[in-house]
Every structure is written in structure tokens, then in C-alpha cells.
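One structure is given here, and the rest of the page talks about it.
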Amino acid sequence: MQHPVLTVEARTVLGKQVKKLRRTGKLPANVYGKGLSSQAIQVDTEDFTKVYQEAGETGLIDLKIGDKTQPVLIKNLQADHQRNIPLHVDFYQVNLREKVKTMVPIQIAGQAKAVTDNTGLLLQSLSEVEVEALPADLPEHIEVNVEHLAAIGEQITVADLKVSPAVAILTDPALVIVKIDELVTKEAQEQAVADAAAAEAASQEEAGAEG
Numbered sequence: 004m005q006h007p008v009l010t011v012e013a014r015t016v017l018g019k020q021v022k023k024l025r026r027t028g029k030l031p032a033n034v035y036g037k038g039l040s041s042q043a044i045q046v047d048t049e050d051f052t053k054v055y056q057e058a059g060e061t062g063l064i065d066l067k068i069g070d071k072t073q074p075v076l077i078k079n080l081q082a083d084h085q086r087n088i089p090l091h092v093d094f095y096q097v098n099l100r101e102k103v104k105t106m107v108p109i110q111i112a113g114q115a116k117a118v119t120d121n122t123g124l125l126l127q128s129l130s131e132v133e134v135e136a137l138p139a140d141l142p143e144h145i146e147v148n149v150e151h152l153a154a155i156g157e158q159i160t161v162a163d164l165k166v167s168p169a170v171a172i173l174t175d176p177a178l179v180i181v182k183i184d185e186l187v188t189k190e191a192q193e194q195a196v197a198d199a200a201a202a203e204a205a206s207q208e209e210a211g212a213e214g
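Numbering (the working numbering), first residue to last: 4 to 214.
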């Protein structure tokens, strides 16, 4: 199976000077691995963004440094979320014959019957789980179908997740991923807002009286 190729180069700009590096369209990064010393590298920001959109944090990438190519996973991506730009990234070099541990996102599929019938609210309390597998077996995401959830109190836990036998889920199986909760009516929301406003007004009056 072919993996996306990302060409990088050794980085000599370190510390606070990396701000200047980013202004030239380069993303500061490091590559490390088991038994390997961390190496400072840099990569074209646009090239990285394209590869990240394809591979995510669980897809293998062939990192090319000079005439050497090594399989890596993306780790510890730091980003400016307001401007939606990456600031720094680590690449973890893997051994394709050794299992690795990583976090895999949960993807909700379908719409809960309780939501469709307007009798309940779907709450998601877990967005990712930790798994262990060979690098080539790591799933991009784990899908959770919620269409059968029809009654208040019904839920899906980590123990209910379906994955390949090659993938071991390490997260506590008792943790709840999604559940159906009571529907909050518009009137209840308005009452909650009114109660909060009244409490705030009373607090200010009390503070004024004390003053």
C-alpha cells in the first residue's frame, strides 16, 4: 500500500527564530523514534497541510529527508486555531513490525431515533479512544452508528465499539461515548436564562447594599 510522501529538510533555525521561518512558508518540525535522537527539520507548510488532510494522525506517511525515506506518524501538532494554520509538528518514526499506541477519533454515523422523533437529545462525551496496533493496521477513525438509540438513558460505551481483530482498544471499556438525555425545551431554556439573570441582579443588589 502506498503512503503519501512528504519531503522535508534539515532545520538550522531554532528557538524564537522559527517565527521568521514560518513567514517564509516553512513549518518547523522534529522527527524522533524509538532509540533515535530527535532531529530538527522543516517542511513546506502547504505540502504538510495537504498530507495531513489525507493521512490525519493515524495514517502512515513516507517522510523523505535527502535520499532517505522513513515511515512516520504525525504527532503533537500545534496550531493557531483562530487563523487555522499549523505552528509546529512532530513526526514519530515507526517500525512497521512493532505495534504503536495512538489516539483515534470517533465518528458518529446516522441520527438517533430519539432525536428524529424529538423525544431526546444525543450527547457525546467521548471524541477519541486510545488504540494499539501495527502502524499499517491503525484505523483512520472508528465509526459509531447511533440510529438505534430511541429512549432516554440509552447509551453506547467503549465496550460496544467494533474494530478489526488487529486493533486493541486501550481506553476504559466502561466509558460512555454517547447517550440519550432528556430534551431541553425552549421554555426550559428561557426559564434557565431568566433564573440566571435574576440571580445576577440579586447579587448586584446585595453588593450595592453592602457598599
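Even for Gly, the Cβ is constructed at its ideal location relative to N, Cα and C.
A quick note: this is a predicted structure, and the numbers were derived from the prediction, not measured.
- Where A58 is concerned, there is no enclosing beta strand (DSSP E), although the alpha helix (DSSP H) around it starts and stops at 48-58.
- In the three-state reduction of the DSSP assignment, E185 falls in the coil class, being assigned neither a helical nor a strand state.
- For A153, the CB contacts under 7 Å within the same chain, skipping 5 residues up- and downstream, are K116, A117 in chain order.
- Along the stretch 111-165, the beta strand (DSSP E) occurs as fully enclosed runs of 3 or more residues at 124-127, 131-136, 145-148, 158-160, listed in sequence order.
- Counting along the chain, L80 sits inside the beta strand (DSSP E) bounded by residues 71-83.
- Contact annotation, L24 with F51: C-beta distance approximately 13 Å; criterion of less than 8 Å not satisfied.
- In this structure, L90 lies away from L186, with their beta-carbon atoms at least 8 Å apart.
- Two segments are said to touch when three or more pairs of C-beta atoms, one from each, lie closer than 8 Å; by this definition the stretch 13-28 does not touch the stretch 55-66.
- The C-beta distance from K78 to Y95 rounds to 5 Å, short enough to fall under 8 Å.
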